[in-house]
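Residue numbers (the numbering used here): 7 to 151.
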Amino acid sequence: MRNRMRIILAAMLTMSATSAMAPPVHAETGSVRVVFTKAGFVVGLGAGQGVLTFRGHRYPFSVSGISFGATISASTTRLVGQALNLRSPGDLAGTYSAIGVGGALAAGAGSVVLRNSMGVILHLHGVKVGVELSAAAGGMQITME
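Take a look at the structure:
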């Protein structure tokens, strides 16, 4: 009888622990378009505009960013991609971080993966026009309009 109670208790504890660790079920994906212009020498500054398309609606946002390190740039980047783990459009807002080494001369293509404190992950890719050589750590701030 005691062994049977222990087995039942262990099964109940296992089921409750498993349900507590389950990932969020209601997270969704949206599409993102961004145009970002950057200029700098050692410290790069940039700004841009974008649109999140989520649940059939369009939500405009502003982008600002800064990078520190070996940076020489004067470029415009057009990015498209996905925003993962969204529960509402407001989840897109926040500070995103990434560390990378890259460069483009005249025209180039690239991609980036960024994450904010809400767990939203941006997978962006696009074309860069201009001159940029960098080995810098940077971040990006998105503000919903």
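Glycine residues also receive a C-beta, built at the ideal position from the N, C-alpha and C atoms.
- Around the beta carbon of A89, 16 or more other beta carbons lie within 10 angstroms, which makes this residue buried.
- Contact between V38 and G87 holds: their C-beta atoms lie close to 5 Å from each other, under 8 Å.
- Distance from F67 to L92 at the Cβ level is roughly 13 Å; contact not present, criterion being Cβ atoms closer than 8 Å.
- The beta-bridge partner set that DSSP reports for M124 is empty.
- The alpha-carbon separation between G71 and M146 amounts to approximately 4 Å.
- Scanning I148, K134, T149 for the CA closest to the CA of T43 turns up K134.
- Runs of beta strand (DSSP E) with 3 or more residues, each lying fully within the stretch 53-103, are found at 63-92, listed in chain order.
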